[in-house]
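24 is the number of the first residue of the sequence shown in our numbering; add one for each residue after it. A short write-up of the structure that comes next.
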Amino acid sequence: MKAWLCETLDGIDAMRWQDLPTPEPRPGEVRIAIQAASLNFPDLLIVEGKYQFKPPLPFVPGGEFSGTVEALGEGVTHLKVGDRVAAVGSVGGFGTDACVAATHVLPLPPSMPWDDAAAFAFTYGTSHHALMDRAALQAGETVLVLGAAGGVGTAAIQIAKAAGAKVIAGVSSDEKAAMCLTIGADAAINYTTQNLRETLKELTAGKGPDVVYDPVGGDLAEQAFRSIAWRGRYLVVGFAAGGIPALPWNLALLKGAAVVGVFWGDFVRREPKVFAKGLAQLMQWYGEGRVKPVIDCRLPMTELPAAYRRMGTRQVIGKVVMTRA
Ligand SMILES: NC(=O)c1ccc[n+]([C@@H]2O[C@H](COP(=O)([O-])OP(=O)(O)OC[C@H]3O[C@@H](n4cnc5c(N)ncnc54)[C@H](OP(=O)(O)O)[C@@H]3O)[C@@H](O)[C@H]2O)c1
Numbered sequence: 024m025k026a027w028l029c030e031t032l033d034g035i036d037a038m039r040w041q042d043l044p045t046p047e048p049r050p051g052e053v054r055i056a057i058q059a060a061s062l063n064f065p066d067l068l069i070v071e072g073k074y075q076f077k078p079p080l081p082f083v084p085g086g087e088f089s090g091t092v093e094a095l096g097e098g099v100t101h102l103k104v105g106d107r108v109a110a111v112g113s114v115g116g117f118g119t120d121a122c123v124a125a126t127h128v129l130p131l132p133p134s135m136p137w138d139d140a141a142a143f144a145f146t147y148g149t150s151h152h153a154l155m156d157r158a159a160l161q162a163g164e165t166v167l168v169l170g171a172a173g174g175v176g177t178a179a180i181q182i183a184k185a186a187g188a189k190v191i192a193g194v195s196s197d198e199k200a201a202m203c204l205t206i207g208a209d210a211a212i213n214y215t216t217q218n219l220r221e222t223l224k225e226l227t228a229g230k231g232p233d234v235v236y237d238p239v240g241g242d243l244a245e246q247a248f249r250s251i252a253w254r255g256r257y258l259v260v261g262f263a264a265g266g267i268p269a270l271p272w273n274l275a276l277l278k279g280a281a282v283v284g285v286f287w288g289d290f291v292r293r294e295p296k297v298f299a300k301g302l303a304q305l306m307q308w309y310g311e312g313r314v315k316p317v318i319d320c321r322l323p324m325t326e327l328p329a330a331y332r333r334m335g336t337r338q339v340i341g342k343v344v345m346t347r348a
C-alpha cells in the first residue's frame with residue numbers, strides 16, 4: 024500500500040507519499056480499500072501536534088474516508104468483504120488502504136458516491152449535533168453561521184434550512200458569500216468589508232440572531248456575541264482563526280444567552296444512540312436532496328500538500344476531496 028506517513032510533527036511539508044506494508048486487521052477492525060478521503064481542519068492541526076487528539080508517531084493522517092471493505096478482523100460480524108462504507112473519527116485516510124475499528128465504520132446507501140461519502144459524517148454530524156441537539160434550533164429562528172463557506176459551515180447552512188430556520192452566512196469574501204446564497208442562505212455578510220454588528224441589526228430588524236454557529240473564533244466572536252438575540256445560544260465549534268476568544272460574562276447575563284460547547288468526537292463516543300439517530304435524519308435529508316456536500320475540488324491523493332495549502336490559506340469553498348491515486 025501507499026500512504027502519507029507523518030513521522031515528525033513538522034507538518035505536511037515534512038511528509039512523503041511512500042510504500043508501507045499492507046496491515047492485517049486486528050480483532051474488531053476492518054481493512055478498507057480507500058476510494059476517497061476528505062480534508063477537515065483537524066487534519067491540518069494533527070500533523071503539527073496541535074490537535075486535541077495526538078496519535079503516536081508515526082501515523083497516516085486523514086480522519087474521514089470512504090471505500091470498500093477488503094478484509095475483516097476477528098469478531099466483526101456486521102460487515103462483509105465488498106461492503107461500501109465510510110470511516111470517520113480516526114486516522115489513516117490519506118493512503119490507499121487503512122485498518123480501522125469496525126465501530127468507526129458506517130455502511131453507505133448504494134446511491135451515495137465516494138466523494139459525498141468521504142465528505143459527510145464529520146461535517147454534517149458536527150453541525151447537526153450543534154444546531155439540532157445542543158442549540159435545539161426551532162423552525163422560524165435565525166442562525167448566524169460564521170466561516171459559512173467552509174466544511175462545517177456549508178453543512179450548517181443546509182441543516183439549518185432543512186430545520187426551517189432563516190440563515191445568515193458570515194464569510195470573508197464576496198465569492199464565498201455568493202456560494203452560500205446558492206446553497207440556501209437567506210443573506211450573507213462579508214465580514215472583511217461589512218460591519219458585522221450593523222449588518223446583523225439591519226437583517227434581523229434589530230433583534231439579532233437566535234443562534235450563532237462559530238467555527239472561527241478570534242476577533243469575530245465578541246462582535247457576534249454582542250449581536251445575539253434575547254435567549255440566544257452561542258455555539259462554540261472551533262477556532263480556525265487561531266485565537267481562542269475571551270468574552271465578558273456580563274454579555275451572557277444581559278442577553279439571557281447561553282454559551283454552548285460542541286465536541287462532536289466525544290459526543291459520538293459518549294452518546295452513540297443519539298448520534299445514530301441524528302445520522303439517520305441526515306441520511307434521510309441526503310436522500311431527499313436537502314443536504315449535499317459542496318465539493319470545492321477533487322485532487323489525486325498524491326497532491327495532498329496542495330490540498331493542505333488550499334485549506335490553510337482559506338481558499339477552500341466547501342470540501343476538498345482526495346481521490347485514490
Ligand atoms: N467542535 C467540534 O466537534 C468540531 C468538529 C469539526 C470541526 N471543528 C472545527 O471547526 C473549524 C472549521 O473546520 P472545517 O473543517 O469546516 O474548516 P474549513 O473548511 O477550513 O473552514 C474554516 C473556515 O474558517 C474561516 N477562517 C478564519 N480564519 C481562518 C484561518 N486563519 N485559517 C483558516 N480558516 C479561517 C474560513 O472562512 P472565512 O475565510 O470565510 O473567514 C474557513 O472557511 C475548525 O476549527 C475545526 O477544528 C470542530
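Backbone N, C-alpha and C fix where the C-beta goes; we use that ideal spot for every residue, glycine too. Only a predicted model underlies this, so the values are computations on that prediction, with no experimental measurement involved.
- For residue 117, the CB contacts under 7 Å within the same chain, skipping 5 residues up- and downstream, are 26, 27, 60, 83, 84, 85, 324, 327 and 345 in chain order.
- Here residue 137 is buried, its C-beta having at least 16 other C-beta atoms within 10 Å.
- With respect to the 7 Å criterion, residue 264 and residue 291 are not classified as neighbours on the basis of their beta carbons.
- Within the stretch 170–213, the alpha helix (DSSP H) runs of at least 4 residues that lie entirely inside it are, in chain order, 174–185 and 197–205.
- A distance criterion of 6 Å places the beta-carbon of residue 65 in contact range of ligand 1, judged by its closest non-hydrogen atom.
- With a cutoff of 7 Å on beta-carbon distance, residue 62 and residue 334 are scored as near each other.
- In the structure shown, residue 108 falls within a strand segment according to DSSP collapsed to helix, strand and coil.
- Membership of residue 130 in the beta strand (DSSP E) is indicated by the continuous run 128–130.
- Ligand 1 approaches residue 195 closely enough that one of its heavy atoms is under 6 Å from the residue's Cβ.
- Secondary structure of residue 236 (DSSP, three-state): strand.
- Shortest Cα-Cα distance from residue 56 to any of 115, 256 and 188 involves 115.
- Here the alpha carbon of residue 235 sits roughly 7 Å from the alpha carbon of residue 247.
- Excluding the 5 residues flanking it on each side, residue 214 has same chain C-beta neighbours closer than 6 Å at 193, in chain order.
- For residue 275, the enclosing alpha helix (DSSP H) has its first and last residue at 273–278.
- Between residue 207 and residue 184, the CB-CB gap stays under 7 Å.
- Residue 108 is not a Cβ neighbour of residue 123, given a cutoff of 7 Å.
- In this structure, residue 315 lies away from residue 174, with their beta-carbon atoms at least 7 Å apart.
- Classified as buried, residue 250 has 16 or more neighbouring CB atoms from the shown chains inside 10 Å of its CB.
- Residue environment analysis places residue 44 among the exposed positions, since fewer than 16 neighbouring C-beta atoms fall within 10 angstroms of its C-beta.
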